[in-house]
Amino acid sequence: MIQLLSPSPTTGAPECLGCREVDQTLTSSERSIDVVSSLSLLTPKGLAIGPCGESQTQLLRQLLGVYLDRIHPSLANEQWRRAESNLNEFHFLWAGGVEPGEPHYYRLDGGGILIEYDNSQRDVNHVHTVWRDLTMDFGGDPLAQHYRTEHN
Numbered sequence: 036m037i038q039l040l041s042p043s044p045t046t047g048a049p050e051c052l053g054c055r056e057v058d059q060t061l062t063s064s065e066r067s068i069d070v071v072s073s074l075s076l077l078t079p080k081g082l083a084i085g086p087c088g089e090s091q092t093q094l095l096r097q098l099l100g101v102y103l104d105r106i107h108p109s110l111a112n113e114q115w116r117r118a119e120s121n122l123n124e125f126h127f128l129w130a131g132g133v134e135p136g137e138p139h140y141y142r143l144d145g146g147g148i149l150i151e152y153d154n155s156q157r158d159v160n161h162v163h164t165v166w167r168d169l170t171m172d173f174g175g176d177p178l179a180q181h182y183r184t185e186h187n
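If you count the sequence shown from 1, position 89 lands on 124 in my numbering, and the numbers rise without skipping.
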């Protein structure tokens with residue numbers, strides 16, 4: 036995953052964001068990671084992967100694999116089927132720094148799948164990840180709830 040998100044030498048943006056619309060994905064320095072994590076989970080935010088081409092779609096598959104390949108195969112197969120049939124619907128949002136050691140957050144969503152990665156606390160050595168199937172979600176936001184109860 037680190038290789039997938041390594042900074043580009045030309046733009047400084049995560050390498051997987053090689054298409055020209057990178058400004059849609061990197062939030063401004065005025066918008067904190069806290070603001071991004073409170074965005075509606077039902078509305079895709081960030082860069083639409085579909086228009087970026089096949090190389091970006093391949094990187095999307097690799098990033099999805101980091102999460103989906105860790106769950107039970109029977110569940111993973113269904114998630115992969117949905118992901119593959121909805122690749123053009125996925126969006127990628129990045130917030131925070133792009134240099135090693137800087138707090139950062141990303142969100143990948145599409146096809147009813149939502150993945151959040153947050154490494155913005157404790158000197159950037161305390162990672163939270165959340166994978167959700169929004170088609171079978173009972174509601175709530177586990178990442179936001181964790182921050183409310185554990186990180187006041």
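Beta carbons: idealized from backbone N, C-alpha and C, even for Gly.
Original post:
Taking Q114 as the reference, which of E185, D168, T164 and H186 has the closest Cα?
Top reply: Here residue 114 corresponds to residue number 79 of the sequence shown, with the count starting at 1. When only C-alpha atoms are compared, the closest one is D168.
**OP:** Classify R96 as helix, strand or coil using the three-state DSSP reduction.
**Re:** In the sequence shown, the residue the question calls residue 96 occupies position 61. Correct three-state label for R96: helix.
Subject >> Distance between L149 and D172 (C-alpha atoms, nearest Å) >> reply: For the purposes of this step, residue 172 is taken as the residue at position 137 of the sequence shown. For the purposes of this step, residue 149 is taken as the residue at position 114 of the sequence shown. Each residue's alpha carbon lies about 11 Å from the other.
**OP:** Could you please give me the residues that DSSP links to F127 through a beta bridge?
**Re:** Indexing the sequence shown from 1 puts residue 127 at position 92. Paired residue(s): L82 and L143.
Original post:
Under three-state DSSP, which class holds V133?
Top reply: Counting from 1 along the sequence shown, the entry for residue 133 is found at position 98. Correct three-state label for V133: coil.
Subject >> Proximity of G147 and R116 at Cβ, strictly below 8 Å >> reply: As a working mapping, residue 147 is identified with position 112 in the sequence shown. As a working mapping, residue 116 is identified with position 81 in the sequence shown. Not a contact, by the Cβ cut-off of 8 Å.
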